[in-house]
Structure formats: structure tokens, C-alpha cells
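Q: What follows is a structure written as C-alpha cells; I'll ask about it next.
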Amino acid sequence: MKEYDHKKIEKKWQNFWDKNGTFTAKNTSKKPKYFNLIEFPYPSGAGMHVGHIRSNTAMDIISRKRRMEGYNVLYPIGWDAFGLPTENYAIKTGIHPIKVTKQNTDTFRRQLKALGFSFDWSREINTTDPKYYKWTQWIFLQLFKKGLAYKTKTEINWCPSCKIGLANEEVVAGKCERCGGPTEKREKEQWMLAITKYAERLDKDLDTVDYLEKIKIQQRNWIGKSEGAEIDFKMFSARQDLAEEVKVFTTRPDTIFGATYLVLAPDHNLVQELRSKISNWAEVEKYISLVKTKDDIERTGENKEKTGVELKGVHAINPANKKEIPVWIADYVLASYGTGSIMAVPADDTRDREFAEKFNLPIISEYKKAGFTDFGKKVTKFKLRDWVFSRQRYWGEPIPLIHCDTCGFVPVPEKDLPVILPKVVKYKPTDNGESPLADIKSWVNVKCPKCKGNAKRETDTMPNWAGSSWYFLRYTDPKNNKELASKKVLKYWMSSKSGGVDWYNGGMEHTTLHLLYSRFWHKFLYDIGVVPTSEPYMKRTSHGMILAAQGEKMSKSKGNVVNPDDLVKTYGADTLRLYEMFMGPFDQSVSWNSDSMIGPRRFLEKVWRVGMKALTRADKNSTASLQKILHKTIKKVTEDIEGMHFNTAISSMMILVTEMENEEAISIDDFKKFLKILSPFAPHVIEELWSICKEKKSISYSVWPLWDSNLIKDDEIKIVIQVNGKVRSEMMILPTLNEESIKGQALKDENVIKHLGGQDPKRVIYVKGRLVNIVV
RNA sequence: GCCCGGAUGGCGGAAUUGGUAUACGCGCACGACUUAAAAUCGUGUCUCGUAAGGGAUGUGGGUUCGACUCCCACUCCGGGCACCA
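So, in C-alpha cells, the structure goes:
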């Protein structure tokens, strides 16, 4: 009898799959296609996180099951390798990000291969590869040509001591993460993408896709569609009439009779325009600069107290009742949403009420009695803002534009793509906040493609959302250098009956931005005829985070990171995969506990023993009770995988295996059926047992077993008997027995008679196949 | 402050979606095998009670014959955030 030696077995089958191209997807096939997707990892220096394994194993199980169900499965992998951590590492060490990326992807590749994921490695992609980002740049140019990319001033976080623009992530409670000094806001010209032009479709088309409901809610909340009205309020000053009007947006135009004051955002344009009419300008100006120093957390967090200043000397007229009302500025109104101004209805809105109470502004409680006629014009507003698309950073795709004083911004001709990221000496942004690329004169200075005059390259780079907004498309045709992917191949993988990526799983943290950005790009590509569907992903699910033992996030600084390499060595990849699927419900966060890995390991050892027993004994038939439980388990595992209830699927297989070990007879055929349903979870050890069963081909393309519903049927069912909702007895009945007989039999039960204590039942409730409840 | 999740034995969790609460796994205790240990197997393991019974699914209410599941109010934990008019 052979021993279960995970090291030998795992190595053997990983080599076998590699050599035979077992998981290489074909671009043409008679089989129906199935495109499974995980979020491609960012290859961080820390190596693979156990959280990656959770998502990858889940989608691997689904991919392997689909192959056995007769699909041509594409389960690809790549690297989302541009981004801050690698760049910051380069700034610190001076090692080129290309080199760092290579090291990190090598580590990740080795780790992923050691877990036996059925990726099609021949399609591996890397967002930092010029052959890849050529097409990221190409998509940007199409957006630019359609007027969806534009430049405007926005606020960025600036660290005055590091002289560097900071990402939100690098500002911790108003302090620079690098030096600890205070940060400030600075105006900067940035490239923007007009995602708001797609807001309506991004909202509406959610009806056409199969996302988890909570994910749809997140998307909808982020897009934030609301119907309301824009109403003009006439303004006048004490000294002279004003031609000015303030446009306010409200979702409740019917409350207009209760509007007792207006509030403008402190940075509303009109405030500056009214300067000469405002009698307390000094006070107003002071307030505006105070608001500028606050960051969003301060404005929203501890500082719940409402603040604001009245614009003295100006008033507005409520168009509904012609009353004169005061105008205030306050930081609870944001310039970036709606019209940047509101009509305050303190009787209806809590924020307005708090504000009114603090500043003694009138509250009209009977506003609803006044007859309402429509004011203003109906409009639809979205919370969604345009996407700030440029970064003054090194490690990103160069924005392929050239600025010419005569012609303005001119696209780099498509034949000159990609615009290669040049080598620099220093990766740190320049002191004036420009990208390090701005210092390379030989790269920056070029001729204008249009007028051939002197011109300069755009030195900003793209955010790392760019490469991840379309990567799944590249998997279909990763080596194409004429198009981002050929139409024919895209049509095959992206538009069969189901359309798009069939199943996409990823973290909840990406269900707003990444998901929205990639849907936006996809819709744009659809509009210009590049892709065949208007939605990229047909189905989207998400997994819960894996936390450290005490329920904290795993992090280097806390020293609680679990290294998968050690676990693979000790327990084996199959055990690790099984443990991660067994540890808790897939969509919820769970705490890691390496001690619990022994359970799945023992299970696999038991599977091995049962296999050896089945082989030596060579029983013709399994016992009837074993057949029954086997078919019940096939049904449960088949259904649980589809619902991502991997933990209960494994638990049912554990019960089955215990049963197999105890039963006298197991036929080889039945044992093989069991191997098939376990194979997606623990592929290495199962391939080994499959081959020991004298099977010549990989189990990966065997046929997924069906359950026989006749074998599952129960001859007798258990009925629980309750008295007043409390369990008092139970009985076995034939499933064919009618309701009256069941109730009659229940009433004759001796425990029931005891608990009735001679009282007559008021009601007898029968729940089919479950219980009888006798109420007295 | 807002949004989305979550809370069940010593621990991770299960519960046919309103119908036997605690499946499966870990841990622990005892037993078998062994010179012994490991491994494996078996038995037990929410709580109070000798028992009959009673009480438990974060807290307090409600609906129902019946609530872990539905409704209302709250507490704590995790994630996200742009005070969204």
C-alpha cells in the first residue's frame, strides 16, 4: 500500500499539466465557451497573500467543474504591475521598477504554480509590458478623440516638505505618510475622463447583469442617480437689485414652501462674484480659508458641529411665497454635487434643522399645507464625478499626447505607439510636483505630429486603474500586435449565448471603482465597435477577506502575515486549498488558524486509505446505503459549487468518506464518481488516485457525474411532533401517508398525550414532510 | 455622520431560507490498539438540574401555532466613503 506523499504527488501532476498543456484554452472549439476571471494580482514584494488563494481556488473549482461539464474553459492569469508600492520601493532603493516587477512576478508565478491552479499560462499578461500598454494608450487616444478626455484644475494632496503630490492613501489623518508633516490641498491641472457621460447607462444596465445584490447596491449608490428639480432663486442686495440668480438642486421640490434660507458651498463661484455686495466680507473670507485647510475626514468626522457664515447684505426670494430669505455659506454643502447650493428646509431635513437651530433661522413646520405647484425644471443628477486620470508619477503608462503651442494637445500617431516609458535616474517626482519624466529633456522635446513645430510630450502617466480596465479582453488574444484583440476571437470569448466574461470573482473593495471604471471603458469600446457586448462581466461575485487570528488585517507591520510557502511544504497544496474553502462561508471574512489545517489533511489521508481499500478489494457493487449517500453527496456538491457554498460541499464529502471507510463494500466505479466531485478541490491527490485506478487520461476532462434521484429517495421520513411549539416526540412515516392519518397518529403518541394533560387540541398544524404542531 | 456587511458552544462554523438550533472540522476528556509514543479507530463534549424539565443564536421589544431566520429600537466588530440636498 502506497503512502500519501503530497510533495511527490503535487510536483508530479504540476509537471504533467504543464507538459501536456492540460489547461490551455482553444480559441476555436465545438464546445461551448466559459470565461472565468479572477482579479489579476498586484505582484507585491510580500509575495502571495492567503487571500489570493481563496479567490483563485474558488474560481479554479468552478473552472475545473466546467471542463468536466464539457465547456471550453478560459481561466487566465496576469499581473497588474504598475503602481505606487513598486515605485516607492524604487525611490527608496534605486532599483529599477522593471527589475522589481520581474522579481515579484517570478515569486508569484512560482507560488501560484505550487497551488495547482488550472490557469492557461500561455496567455499570461503584464500591464507594464510595452506590448500590453500600447493598447492601454491606444484606448486613451480613442477616448481623447471622442472628447471624453479633457484637462481641468482639480485639488490634489500636496506635501510641502517632501514637495510631492500624494495619493489619498498616502495621507493619514491630514499627515504625510512619508514624513509625518501636515499636508495641504493644491490646485493642479489634471487629465479627466468623462465617465459621467455614461452615468445613466452604467446605472440602468445593471438590470442586465447577474451581480450579487449587494454589489449592485454599491454600484448604484456610487453612481447615485437621483431625480429632482432645479429651481432658480432671484437675489437682491440692500443697496441695489442684482441680476444674479442662484440655481439650487432639490430632490424635494414639494417642500419649497418650507425653504427659509439658502446655503451655498463656500467655494461656489457666486460667492466671489457677490463680493462687492457682501457687507461682512472679511468674516466670509476667513471662513472660506478655514474650510480649505480642513480635509474631508475633519469635515465629516469629529467635527459634527455645523459651521457657516451668513452673506450679509444679500438676500434671495423664495419663488413659492415671495418671501425674502437669507443666504449663507456652509461646508456641509459641497460645490461638487448638484449645483453647489441648496434651499434649506429645516422642517424636513435633519442637517438643515441642526443648522437652523444653531443659527436661529426660521423653521416653518406647516409648509406642507400650502398648495404645491411645480417650480423649476425636472432634472436627473448623479453623484458620480469624472475620473481624475493623470498622475505625476513614474511607474505608469505615459499619456500619449504631445502639446504644441500652435495646435494644442495632439495625439501621438497610432503607428508610433507605444510611447515607451523612458529610463530615468530618479523616480521621485520633481520639486514642483511634475512627473519625473519632465526632467528628461531628450524625451520631452519632440516635433508636433501635426505642424512639425517644436512641441513637448505630456509627462503625466496613467493611474493603475487604466491597465486593469480592459485586461480581460487581452487574455483572449494576448499576442496580437495589430489590435488589442481580434474581432473574431473577441466574438468567441465575449459574446456567446451568455455574453462577456461568464463569471468574475473579486474583492468587495473593488466593487465600486475598478468595476465601474472597467464597465465604463467597455461601454466606450462597444460604442466604437471594438467589443461585441456593452457589459464586460455577466456575473460578479465577491469573497470575504482573510484576517489574522485576532480578526485584524494581515500586515507586515503587525507581523501576522501567513506565508503560503510554509503551509504548502508542511501540509501540501491540496490541504491548503481545501482548508481555505472549508474555513468559512466564502462571501464573509474569516480569521486564519493554521492549527485547523490538520482537519482537511486528515480528510485527504482518509480518502487515500479508502482508495487503497477499494482497489485491493475490488467489490462489484457498493452497499445500497452507501449508494444513497454517494448520490446525495453528488447532488449537494454539484449545487453547492454553483452557490459558492464550498464549506458545506466539503463537509458533505467528509461525511461520505467516513461512511465509505465503514461500509463493507465500495465498487471502484462508485469510488471514481467520488474522485470526480472532489477533484476540483484537491486536484493533485485525486489525479494520483485516478491514475492508480488505471485511468490513462487526466481526470480534468472526465465527465462530471450525475446523481440518480431514485437512489436518493427516502423510504420513510421523520416527522417531529411539537406541543405548543416545543418538540415532544417524533415518528417515522411513509412519504405517501395523508395529512389526516399523520395528524391522527401524532395525537396518539404517548409523549404527546402526556403533555396534553387531558386538554383538547385547539389546532393541529402539519408542515409537509417536517412536523406536526399541536396547539392547546 | 453616511453606505454595505456581520455577531450562533472553548474555537472556525451548519441550519432545507419561517419548521428538530449547534451538521462538519479544530480543541479537550475517556477508551481500544501499542512495551511505550505517534498515527488510527470508538465514545462523550451548549448550559442549569439527580431527574422530570427549564434556559440559550449580541441586547431590548414586536409579529407568528412556531423566529438564528421577518419587523422596530439599540450595542459592538469588519469594510468602504465624496455631510450628496
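Residue numbers (our numbering): 131 to 906.
Every residue, glycine too, gets a C-beta built ideally from N, C-alpha and C.
Which value, in whole angstroms, describes the spacing of the CA atoms of residue 654 and residue 392?
A: Straight-line Cα distance between these residues: approximately 39 Å.
Q: What are the partner residues of residue 673, as DSSP defines its beta bridges?
A: Per DSSP, 637.
Q: Is residue 595 helix, strand or coil when you go by DSSP?
A: Residue 595 falls in the coil class under three-state DSSP.
Q: From the DSSP secondary-structure annotation, give me the bridge partner or partners of residue 862.
A: BP columns for residue 862 point to 848.
Q: Would you mind sorting residue 809 into buried or exposed? The rule is 16 or more other CB atoms within 10 Å of its CB.
A: Buried, by the Cβ-count rule.
Q: Determine the contact status of residue 707 and residue 190, defining contact as a CB-CB distance below 9 Å.
A: It is a contact, given that the beta carbons lie within the stated cut-off.
Q: Nearest CA to the CA of residue 532: which residue from 281, 585, 223?
A: Out of 281, 585, 223, 585 has the C-alpha closest to the C-alpha of residue 532.
Q: Quick check: residue 892 and residue 906, are their CB atoms within less than 9 Å of each other?
A: It is a contact, given that the beta carbons lie within the stated cut-off.
Q: So for residue 133, helix, strand or coil by DSSP?
A: Coil, per DSSP.
Q: Quick one: using the 10 Å Cβ neighbour count with 16 as the cut-off for buried, is residue 378 buried or exposed?
A: With 16 or more other Cβ atoms within 10 Å, it is buried.
Q: Quick check: what's the CA-CA separation for residue 782 versus residue 819?
A: Their Cα atoms are separated by approximately 20 Å.
Q: Exposed or buried, what is residue 427 when buried is set at 16 or more other beta-carbons lying within 10 Å of its beta-carbon?
A: Model confidence at residue 427 stands at a pLDDT of 47, short of 50, so the residue's coordinates are unreliable; what they give is reported in the following sentence. Residue 427 is exposed by the Cβ-count criterion.
Q: Evaluate residue 895 with the Cβ neighbour count: other Cβ atoms within 10 Å of its Cβ, from every protein chain shown; 16 or more gives buried, anything less gives exposed.
A: Per the 10 Å Cβ criterion, exposed.
Q: So is residue 433 buried or exposed if we call it buried at 16+ other beta carbons inside 10 Å?
A: Only weak support exists for where residue 433 lies, its pLDDT of 43 falling under 50; the coordinates are left without a value.
Q: Which residue spans inside the stretch 394-420 form an unbroken beta strand (DSSP E) run of at least 3?
A: As far as the stretch 394-420 is concerned, it has no whole beta strand (DSSP E) run of at least 3 residues.
Q: Within the chosen definition, does the stretch 378-387 reach the stretch 673-684 through at least 3 CB pairs nearer than 8 Å?
A: No, the stretch 378-387 does not touch the stretch 673-684.
Q: Taking all protein chains shown into account, do 16 or more other C-beta atoms lie within 10 angstroms of the C-beta of residue 836, making it buried, or fewer, making it exposed?
A: Under this definition residue 836 is an exposed residue.
Q: Can you tell me which of the three DSSP states residue 787 falls into?
A: Of the three classes helix, strand and coil, the one that applies to residue 787 here is helix, per DSSP.
Q: Tell me the DSSP secondary structure of residue 749 in three-state form.
A: The answer is strand: DSSP assigns residue 749 an E or B state.
Q: What's the C-alpha gap between residue 239 and residue 180?
A: Spanning the two alpha carbons is a distance of roughly 14 Å.
Q: Determine the contact status of residue 771 and residue 192, defining contact as a CB-CB distance below 9 Å.
A: Result yes, Cβ atoms of residue 771 and residue 192 sit closer than 9 Å.
Q: I think residue 563 touches residue 288, with their Cβ atoms under 8 Å apart; what is that distance to the nearest whole Å?
A: That belief holds up - the Cβ atoms of residue 563 and residue 288 are roughly 7 Å apart, short of 8 Å.
Q: Three-state secondary structure (DSSP) at residue 195?
A: Reduced to three states, the DSSP call for residue 195 is helix.
Q: Identify every run of the alpha helix (DSSP H) within the stretch 810-840, keeping only runs that are complete inside it and at least 4 residues long; order them along the chain.
A: Counting only runs of 4 or more, we get 813-822.
Q: Pull up the DSSP beta-bridge partners for residue 584, would you.
A: For residue 584, which the question treats as bridged, DSSP gives the partners 577.
Q: If I'm right that residue 209 touches residue 153 with Cβ under 8 Å, what's the distance once you round it to whole angstroms?
A: Not confirmed; about 18 Å, so no contact.
Q: For a test of the three-state rule: what should DSSP assign to residue 365, helix, strand or coil?
A: In this structure, residue 365 counts as strand in the three-state DSSP scheme.
Q: Please report how far the alpha carbon of residue 872 lies from the alpha carbon of residue 754, in whole angstroms.
A: Roughly 28 Å separates the two Cα atoms.
Q: May I ask which residues mark the beginning and end of the alpha helix (DSSP H) holding residue 623?
A: Element bounds for residue 623: 617-624.
Q: Could you check where the beta strand (DSSP E) with residue 233 kicks off and where it finishes?
A: It is not in any beta strand (DSSP E) - residue 233 instead sits in the alpha helix (DSSP H) that spans 227-243.
Q: Applying the criterion that 16 or more other CB atoms from any shown protein chain within 10 Å of the CB defines a buried residue, is residue 140 buried or exposed?
A: With 16 or more other Cβ atoms within 10 Å, it is buried.
Q: Taking the alpha helix (DSSP H) that residue 539 falls in, what are its first and last residues?
A: Where residue 539 is concerned, there is no enclosing alpha helix (DSSP H), although the beta strand (DSSP E) it sits in stretches over 538-541.
Q: Thinking just about the alpha-carbon of each residue, which of 715, 631, 204, 350 is nearest to the one in residue 335?
A: Ranking 715, 631, 204, 350 by Cα distance to residue 335 puts 350 first.
Q: Among the candidates 276, 223, 150, 615, whose CA atom is the shortest distance from the CA of residue 556?
A: It is 223.
Q: Which residues bound the beta strand (DSSP E) around residue 332?
A: Careful: residue 332 lies outside any beta strand (DSSP E), inside the alpha helix (DSSP H) at 329-334.
Q: Taking 8 Å as the cut-off, does the stretch 844-864 touch the stretch 823-832 (at least 3 CB pairs, one atom from each stretch)?
A: Taking 8 Å as the limit for Cβ pairs, the verdict is that the stretch 844-864 does not touch the stretch 823-832.
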